[in-house]
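Asker: Below is the structure I would like to discuss, written out as structure tokens.
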Amino acid sequence: MTTSSSARTLRMLSRENAFYFFTSVGNYTGHRAMSLEDFAHKIGEVEIASLEFHLYRGDFEKWTAEVLEDSELTRRISDLKHLEPVGNALRDQLHFTVSKRLEELKKPE
Amino acid sequence: MKLKNQAISLDALDWKILRALQKNSKQTYSEIGRQLGVAHSTIYDRIRKLEKSGVIKKWTVDIDLKKIGMNHITARMNVYTDPKESDNVAKKLSDAKEVLEVSISLSEELLIIAKVFARDQDELHSFIAKKVAPLQGVLRIRTSIITKKYKEEKFLI
Chain A
540 MTTSSSARTL RMLSRENAFY FFTSVGNYTG HRAMSLEDFA HKIGEVEIAS LEFHLYRGDF
600 EKWTAEVLED SELTRRISDL KHLEPVGNAL RDQLHFTVSK RLEELKKPE
Chain B
25 MKLKNQAISL DALDWKILRA LQKNSKQTYS EIGRQLGVAH STIYDRIRKL EKSGVIKKWT
85 VDIDLKKIGM NHITARMNVY TDPKESDNVA KKLSDAKEVL EVSISLSEEL LIIAKVFARD
145 QDELHSFIAK KVAPLQGVLR IRTSIITKKY KEEKFLI
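So the sequences go chain by chain: A and B. First residue of the first sequence: 540, per the numbering used here; consecutive thereafter. First residue of the second sequence: 25, per the numbering used here; consecutive thereafter.
Okay, structure coming up:
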């Protein structure tokens, strides 16, 4: 990934492009992520039901692909989904996946 | 018809005309006139005045969407907002074609209650996630999809 594409993935987002955490159809928790770093942080805060809802609907992959434009993170989240984690295991693994990618992107080339 | 403390004061004939129209708004002026024992021209004049004064807000038709093959869902959406932004949120919701009704309720917290129309659950979720949650001042949203309706009527005067 080039420095400019890293910067694009790490940028602060507008309200329209932020990730909004729901627990089920139409039920918004009040948590939103305004950047990838914020997303990693919010994974540790939101209800597990919200993480399960979005992972299995493919919402995380859609957001990382379309808004953050990070195909590598999208692939890793997709791989995680195929392992079918639930509960705290899901939170821990998703947090690890996103934090690790965040570190890679922040590292100077 | 007179204005009395902002409310419009109606006479007995106005009330009778409104009741007749609520039962069946397709009736002709002559039919209503015959029922009420007055000339059709009087009914015409009164209805024009009721329209001009805004007592009759609109003439519409109630279509059974299922019968024309339009599958859809409706949901009641409760939007908790920052009190400073509630009017803006309510106005923006009112502009959306997916939203059929918007009201504000002040219970323990300031709450906007809206009735939302969508083709299916995916469309409903997408509308709420993309158009409602990002609005400035929205704190959280609780949505219930309506599964069975027992009654839906306007208040009959």
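Think of the CB as a built atom: it goes at the ideal place given N, C-alpha and C, for glycine as much as any other residue.
Suppose contacts are defined by Cβ-Cβ distances below 9 angstroms. Is Lys-139/B in contact with Met-101/B by that definition?
Answerer: The residue labelled residue 139/B in the question sits at position 115 within the second sequence. The residue labelled residue 101/B in the question sits at position 77 within the second sequence. Yes; because the gap between Cβ atoms is below 9 angstroms, this pair is in contact.
Asker: For Ile-32/B and Ile-71/B, I'd like the C-alpha separation in whole angstroms.
Answerer: Indexing the second sequence from 1 puts residue 32/B at position 8. Indexing the second sequence from 1 puts residue 71/B at position 47. Whole-angstrom Cα-Cα distance: 14 angstroms.
Asker: Under 8 angstroms by Cβ, that's how I've got Arg-547/A and Glu-608/A pegged, so tell me the actual separation to the nearest angstrom.
Answerer: In the first sequence, counting from the first residue as 1, residue 547/A sits at position 8. In the first sequence, counting from the first residue as 1, residue 608/A sits at position 69. Right, their Cβ atoms sit about 6 angstroms apart.
Asker: Using 9 angstroms as the threshold, is the C-beta distance between Leu-117/B and Ile-92/B below it?
Answerer: The residue given as residue 117/B occupies position 93 in the second sequence. The residue given as residue 92/B occupies position 68 in the second sequence. The answer is no: Cβ separation not under 9 angstroms.
Asker: Check each residue of the segment 554-575 of chain A: if its Cβ is closer than 8 angstroms to any Cβ of chain B, include it; give the result in chain order.
Answerer: Answer in chain order: Arg-554, Glu-555, Ala-557, Tyr-559, Phe-561, Val-564, Gly-565, Asn-566, Tyr-567, Thr-568, Gly-569 and Arg-571.
Asker: Going along the segment 137-163 of chain B in order, which residues come within less than 7 angstroms of chain A, judged by CB to CB distance?
Answerer: Gln-145, Leu-148, His-149, Ile-152, Ala-153, Ala-157, Pro-158 and Leu-163
Asker: If I follow the unbroken beta strand (DSSP E) through Ala-190/B, where does it start and stop?
Answerer: Residue 190/B lies beyond the range of chain B shown here (25 to 181); nothing can be said about it.
Asker: For Ile-4/B, which residues of its own chain have a beta-carbon under 8 angstroms away from its beta-carbon, when the five flanking residues on both sides are left out?
Answerer: Here chain B has residues from 25 to 181 only, and residue 4/B is not among them.
Asker: For the pair the segment 542-558 of chain A and the segment 627-646 of chain A, tell me if three or more CB-CB distances fall below 8 angstroms.
Answerer: yes
Asker: So Arg-615/A and Arg-640/A are in contact, right, with Cβ under 8 angstroms, and what is the actual spacing, rounded?
Answerer: Mapped onto the first sequence, residue 615/A falls at position 76. Mapped onto the first sequence, residue 640/A falls at position 101. Yes, they are in contact, since the Cβ atoms of Arg-615/A and Arg-640/A sit about 7 angstroms apart, within 8 angstroms.
Asker: For Ile-181/B, does the count of other Cβ atoms within 10 angstroms reach 16, so buried, or fall short, so exposed?
Answerer: Position 157 of the second sequence holds residue 181/B. So Ile-181/B ends up on the exposed side.
Asker: Can you give me, in chain order, the residues of the segment 94-120 of chain B that have a beta carbon less than 7 angstroms from any beta carbon in chain A?
Answerer: Ala-99 and Met-101
Asker: Between which two residues does the beta strand (DSSP E) carrying Ala-99/B extend?
Answerer: The count along the second sequence starts at 1 and reaches residue 99/B at position 75. Run containing Ala-99/B: 97-105, per the beta strand (DSSP E) assignment.
Asker: Could I get the ranges of all uninterrupted alpha helix (DSSP H) runs contained in the segment 35-74 of chain B, with 4 residues as the minimum, in chain order?
Answerer: 36-47 and 53-60
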